[in-house]
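See below for the structure under consideration.
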Amino acid sequence: MSGTAPTPKQRFDRWMVRNGRYLVIGIPFFWLMLFFLVPFLIVLKISFATAEYAQPPYSALFQWVDQGINIALNFGNYLFLLSDSLYVTAYLNSIRIAAISTVITLLIGYPMAYYIARSSGTVRSVLLMLVILPFWTSFLIRVYAWIGILDREGLINAALLGLGIISEPLIMRQTEFAVYIGIVYTYLPFMILPLYSTLEKMDGSLVEAALDLGCRPWKAFARVTLPLSLPGILAGSLLVFIPAVGEFVIPELLGGPNTLMIGRTLWDEFFANRDWPIASSVAIAMLLFLVVPIMWFQNLQGSEKGDGK
Amino acid sequence: MNGKRSTFLFSALVFGFAFLYLPILLVIIYSFNEGKLVTVWAGFSFKWYATLFSNQGMIDAAWNSLRIGVLSATLALAIGTPAGLVMARFGRFKGRTLLSGMVAAPLVMPEVITGLSLLLLFVTLEQLVGWPAGRGMTTIVIAHTTFCSAYVAVVVQSRLSGMDISVEEAAMDLGARPGKIFFVITLPMILPALLAGWLLSFTLSLDDLVIASFVAGPGSTTLPMRVFSSVRLGVSPEINALATLIILAVTIMIVIASILMVRSDRRARASRATSGT
Numbered sequence: 555m556s557g558t559a560p561t562p563k564q565r566f567d568r569w570m571v572r573n574g575r576y577l578v579i580g581i582p583f584f585w586l587m588l589f590f591l592v593p594f595l596i597v598l599k600i601s602f603a604t605a606e607y608a609q610p611p612y613s614a615l616f617q618w619v620d621q622g623i624n625i626a627l628n629f630g631n632y633l634f635l636l637s638d639s640l641y642v643t644a645y646l647n648s649i650r651i652a653a654i655s656t657v658i659t660l661l662i663g664y665p666m667a668y669y670i671a672r673s674s675g676t677v678r679s680v681l682l683m684l685v686i687l688p689f690w691t692s693f694l695i696r697v698y699a700w701i702g703i704l705d706r707e708g709l710i711n712a713a714l715l716g717l718g719i720i721s722e723p724l725i726m727r728q729t730e731f732a733v734y735i736g737i738v739y740t741y742l743p744f745m746i747l748p749l750y751s752t753l754e755k756m757d758g759s760l761v762e763a764a765l766d767l768g769c770r771p772w773k774a775f776a777r778v779t780l781p782l783s784l785p786g787i788l789a790g791s792l793l794v795f796i797p798a799v800g801e802f803v804i805p806e807l808l809g810g811p812n813t814l815m816i817g818r819t820l821w822d823e824f825f826a827n828r829d830w831p832i833a834s835s836v837a838i839a840m841l842l843f844l845v846v847p848i849m850w851f852q853n854l855q856g857s858e859k860g861d862g863k
Numbered sequence: 499m500n501g502k503r504s505t506f507l508f509s510a511l512v513f514g515f516a517f518l519y520l521p522i523l524l525v526i527i528y529s530f531n532e533g534k535l536v537t538v539w540a541g542f543s544f545k546w547y548a549t550l551f552s553n554q555g556m557i558d559a560a561w562n563s564l565r566i567g568v569l570s571a572t573l574a575l576a577i578g579t580p581a582g583l584v585m586a587r588f589g590r591f592k593g594r595t596l597l598s599g600m601v602a603a604p605l606v607m608p609e610v611i612t613g614l615s616l617l618l619l620f621v622t623l624e625q626l627v628g629w630p631a632g633r634g635m636t637t638i639v640i641a642h643t644t645f646c647s648a649y650v651a652v653v654v655q656s657r658l659s660g661m662d663i664s665v666e667e668a669a670m671d672l673g674a675r676p677g678k679i680f681f682v683i684t685l686p687m688i689l690p691a692l693l694a695g696w697l698l699s700f701t702l703s704l705d706d707l708v709i710a711s712f713v714a715g716p717g718s719t720t721l722p723m724r725v726f727s728s729v730r731l732g733v734s735p736e737i738n739a740l741a742t743l744i745i746l747a748v749t750i751m752i753v754i755a756s757i758l759m760v761r762s763d764r765r766a767r768a769s770r771a772t773s774g775t
């Protein structure tokens, strides 16, 4: 083949061998860059704009004036967030509700994951499938299911009234209690699965050794099992906590008008008030809160992959 | 597991599963209830299914959602698979940390933030380059593709890192080109992961309310958006019927998928046993 000029196909093949690697890296990189990373910069930009009656409804940040760019940064949105107790309350509420829900999810999920990890063969596969199944059915519908149970005319009230335990229907829906139930219910599989995968990999002989050496079961659990399952606890907790902070659907459908959560506030600012700059600054403030847990999660995700290799 | 401890664990398990399944079970039961109230059983009937199927708005929304789901899942595969491959097989390269960050973050990012940021991107892009013109199906598909590809990447990556690299290395030593190795060896081996990734993406796309609400335009109402607006005010028996249909479809899918997976696992184990490794 030497001497003759390469055909276009050969040239293409050679180019592919040389640059294919970059192409493979490039496709996901470019896509995620454009549609995941850049959007945050735009949110940041618009959080410094002022709301205007225009299309789109915010002021331009950069303006060409004579020979230079005129940059009009407006910190007012952030000052507004800090000064209006609504937002501060919503942030604190979200973090508290998410944290409490995470703990409850962990308390319910841990024994389940432990049992599944210790069971064998077919039982284990069936139990795992039962955990995963609700995760595949619609999230919205699972939240909706609780409306029928917790409502004023719902199932619990009907049962309690029928049994004569209460004479007035209890208010359960549209309370913070209902929001806890909703979050724990929908996020439980996210807690169980990472817990299961660390517990399953754990060396059972360590606990046996502790027991053989006269350690009491509870102590063996606290001293051996619990520390060893810490990565799973962390991963599960972050998988529940981070999205729960920004949850919108659950407080909207199950919570009351007083259940302020930041995701809901952002939604209202955007859809009801059409104040895009304020919505953006709410988002940026939420991200600042979540940056540390997100980095933590990413590290965990990375180190787990490192072990597998 | 002995005595008291296993009793405790077992009751925790039963309680957990009851908690997970009772609400779903109730929805299914009440979808067949003649009456409108959840608390009163007025007799068995398919009435709400008939109402559901005569609701044109609901059917249109379901079509939109299915189309968006298929498109997004397929695109997510095209973007997530190379991402997973790169993370599992390419070793170190410039920007690896950034890529792994962009793959992990969408998994936990609150949906309101993702939705808002994508919307603002689309608006800005439209101002700058005139694309995408307006919002609708296209913008929803792009949004769903983005967060689904992160899930695909994670599934592919974990499959690849649990897989023996020696076959690929052997092919490389024998002079096969990287592209060929991928299509002839790697791709068939990760096929189950790709299928799982596709199904996961499809389900996530079908289920998403928040992100779609931000980036939707007129005429692109999805099923969750429709459901949301009708359950906001309380229980609606029609939604019970819809929920039952969705649960049925998902259950059938999962059962088939797990049977297939158990079988391919067994086959893989059998072939490994015969080849003596």
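Quick note, the sequences are listed as chains A and B, same order.
As numbered in this note's numbering, the first sequence has no gaps in its residue numbers, which increase by one up to the final residue, 863.
As numbered in this note's numbering, the second sequence has no gaps in its residue numbers, which increase by one up to the final residue, 775.
Cβ atoms here follow ideal geometry from the backbone N, Cα and C, with glycine treated the same way.
For R767 (chain B), no CB of chain A lies under 8 angstroms from its own CB, so it is not counted at the interface with that chain. When rounded, the separation of the alpha-carbon atoms in F594 (chain A) and F825 (chain A) is 19 angstroms. In its chain, beyond the 5 residues on either side, A652, T656 have a beta carbon closer than 6 angstroms to the beta carbon of F795 (chain A). Of the residues A:S791, A:L788, A:E762, A:G790, the one whose Cα lies closest to the Cα of R777 (chain A) is A:E762.
When secondary structure is reduced to three states using DSSP, F629 (chain A) falls in the coil class, being assigned neither helix nor strand. The beta carbons of I816 (chain A) and V733 (chain B) sit no closer together than 8 angstroms. If you draw a straight line from the Cα of I638 (chain B) to the Cα of F506 (chain B), it is about 46 angstroms long. Taking all protein chains shown into account, K545 (chain B) has 16 or more neighbouring C-beta atoms within 10 Å of its C-beta and is therefore buried. In the three-state scheme derived from DSSP, where H, G and I count as helix and E and B as strand, F851 (chain A) is classed as helix.
Residue-level contact by beta carbon holds for W690 (chain A) and chain B, with a gap shorter than 8 angstroms. Residue-level contact check: P785 (chain A) does not touch chain B, since none of the beta carbons of chain B fall below 8 angstroms from its beta carbon. At a Cβ-Cβ threshold of 8 angstroms, S718 (chain B) and N553 (chain B) do not count as neighbours. In the assembly as shown, G541 (chain B) is an exposed residue. Its beta-carbon has fewer than 16 other beta-carbons within 10 Å.
When the five nearest sequence neighbours on each side are left out, the beta carbons in the same chain lying within less than 6 angstroms of the beta carbon of G715 (chain B) are those of G632, R633, G634, in order along the chain.
A residue is called buried when at least 16 other Cβ atoms come within 10 angstroms of its Cβ; P781 (chain A) does not meet this threshold and is exposed. Taking C-beta separations shorter than 7 angstroms and ignoring five residues to either side along the sequence, the partners of Y664 (chain A) in its chain run L749, following chain order. The way I'd put it, the segment 828-840 of chain A doesn't touch the segment 753-763 of chain B; fewer than three beta-carbon pairs between them come closer than 8 angstroms. The beta carbon of Y649 (chain B) does not come within 8 angstroms of any beta carbon belonging to chain A, so the residue lies off that interface. Close to chain A, meaning a Cβ-Cβ distance shorter than 8 angstroms, are the following residues of the segment 507-530 of chain B: L507, F508, A510, L511, F513, G514, F515, F517, L518, Y519, P521, I522, L524, V525, Y528.
Cβ contact annotation for A739 (chain B) (same chain, cutoff 6 angstroms, sequence separation greater than five): S529, W546, Y547, L550, in chain order.
When Cβ-Cβ separations below 8 angstroms define contact, A710 (chain B) makes no contact with chain A. Taking a cut-off of 8 angstroms on C-beta distances, the segment 654-663 of chain B touches the segment 688-704 of chain B, as three or more cross pairs fall below it.
Chain-order list of chain B residues neighbouring S679 (chain A): S756, V760, by C-beta distance under 8 angstroms. Closest in C-alpha terms to V799 (chain A), from the list A:L788, A:L814, A:G810, comes A:L814.
Listed by position along chain A, the residues whose Cβ is nearer than 7 angstroms to that of F591 (chain B) are I579.
For the segment 688-701 of chain B, the residues whose beta carbon sits under 9 angstroms from a beta carbon of chain A are, in order, L697, L698, T701. With respect to the 8 angstroms criterion, I596 (chain A) and L596 (chain B) are not classified as neighbours on the basis of their beta carbons. Within 8 angstroms of the CB of T622 (chain B), the CB atoms of chain A belong to I596, in sequence order along the chain. As a beta-bridge residue in DSSP terms, Y612 (chain A) pairs with A:A605.
Residue pairing of N531 (chain B) in beta bridges, as defined by DSSP: B:F542. In this structure, DSSP gives W629 (chain B) a state outside helix and strand, which the three-state scheme calls coil. For T701 (chain B), the enclosing alpha helix (DSSP H) covers residues 689-705.
Within chain A, no residue has its CB atom less than 7 angstroms from the CB of F542 (chain B), the nearest being about 18 angstroms off. Between the alpha carbons of S543 (chain B) and F680 (chain B) lies a gap of roughly 54 angstroms. S728 (chain B): member of the alpha helix (DSSP H) spanning 721-729, first to last residue.
E609 (chain B) places its beta carbon 8 angstroms or farther from that of F566 (chain A).
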